[in-house]
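Colleague: Protein chains in written order, with the working numbering: chain A, 23 to 138; chain B, 191 to 352. Sending over a structure as structure tokens; questions will come in a sec.
Written out as structure tokens, the structure is:
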């Protein structure tokens, strides 16, 4: 394994991992972050061209961009916040939204635990 | 204080101050204060990883280099960790680059609840000389976090015990 080290902050590690995994799936292992130090773990098979491309991807990384899962979680949080109001002001759409959120929450709670 | 293999005394041998100082005083002092180091790391930010292979948490600030006299060493780790979903974060320690324990390491946490970890490992048969000890982590998926800030340290310690 080889570590490519960069100084970069802030970093959305989930988004950076997703982008690197999509672009360099054959050599990419993972990302580790400590404060502004970013380490990209890759296999020994990485080429110089891939190193350069990874460096460019890290340097142009925008921490404000979200993964699909992060965006969905953010949307749910916004929806929950919109329901923080008296019951008698709820619209039919609010009630639909509440049931949709409740269904998603129940699914995640009932997901069985597993060992690594 | 340096440890010296104790002298075997011969019958009628003249005991000298040098022998006493080397084999009794110095060895007792060495036993009283064995090679030992502990790091209490209060990092500026948490350590996070998405690596599914073990990687070093912090090769600068969470690495112990200890010269020991050969035998057993006791390793201890305290940490607080979680992941961002239905994933595991696994921890181990490497000695001279060799990860200890099975493929999943020596302990793990599962899920997003922040969980305290505290464990010790006794390793036998460490050769005399300098050795490096590093804290290592990996995830089964998602992102794993080791909390490390002004209030929550990551602790790594090593002490020779034989």
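Using N, Cα and C, we set each Cβ at its ideal position, and we do this for glycine too. Quantities reported herein were computed from a predicted structural model and do not represent experimental measurements.
In the DSSP assignment, the alpha helix (DSSP H) including residue 41 of chain A goes from what residue to what residue?
Modeller: Its alpha helix (DSSP H) spans residues 35-45.
Colleague: Could you list which residues in chain B have their beta carbon closer than 8 angstroms to that of residue 57 of chain A, in chain order?
Modeller: Result: 233, 234, 235.
Colleague: What does residue 333 of chain B touch in chain A if you count any residue whose Cβ is under 8 angstroms from its own?
Modeller: The answer, in chain order, is 35, 36, 39.
Colleague: Please report the residue range of the beta strand (DSSP E) in which residue 269 of chain B lies.
Modeller: From DSSP, the beta strand (DSSP E) with residue 269 of chain B extends over 261-273.
Colleague: So with CB distances below 9 angstroms, who are the chain B contacts of residue 52 of chain A?
Modeller: Correct list: 239, 240, 241, 242, 243, 245, 328, 329.
Colleague: Below 8 angstroms on C-beta distance, what does residue 63 of chain A contact in chain B?
Modeller: The answer, in chain order, is 241, 243, 245.
Colleague: Can you tell me whether residue 61 of chain A is buried or exposed, with buried defined as 16 or more other CB within 10 angstroms of its CB?
Modeller: By the neighbour-count rule (16 or more Cβ atoms within 10 Å), residue 61 of chain A is buried.
Colleague: For residue 275 of chain B, which residues of its own chain have a beta-carbon under 7 angstroms away from its beta-carbon, when the five flanking residues on both sides are left out?
Modeller: The residues are 302, 332.
Colleague: Tell whether a beta-carbon distance below 8 angstroms holds between residue 71 of chain A and residue 234 of chain B.
Modeller: No, they are not a contact pair.
Colleague: At a Cβ threshold of 8 angstroms, is residue 289 of chain B touching chain A?
Modeller: By this cut-off, residue 289 of chain B is not an interface position.
Colleague: Hey, does residue 248 of chain B have any beta-carbon neighbour from chain A nearer than 8 angstroms?
Modeller: For residue 248 of chain B, the answer is yes, since a Cβ of chain A falls inside 8 angstroms of its Cβ.
Colleague: State buried or exposed for residue 82 of chain A, treating a residue as buried only when at least 16 other CB atoms are found within 10 Å of its CB.
Modeller: Label assigned to residue 82 of chain A: exposed.
Colleague: Give the single residue among A:89, A:98, A:35 whose Cα lies nearest to the Cα of residue 125 of chain A.
Modeller: Here the closest residue by C-alpha is A:98.
Colleague: Less than 8 angstroms between C-beta atoms, sequence neighbours within five positions excluded: which residues of the same chain meet that for residue 329 of chain B?
Modeller: Contacts found: 239, 240, 241, 242, 273, 277, 278, 279, 280.
Colleague: Pick helix, strand or coil for residue 68 of chain A, following the three-state DSSP scheme.
Modeller: Three-state DSSP puts residue 68 of chain A in coil, outside helix and strand.
Colleague: Once the 5 residues before and after residue 101 of chain A are set aside, which same chain residues still bring their CB inside 7 angstroms of it?
Modeller: Cβ within range, chain order: 119, 123.
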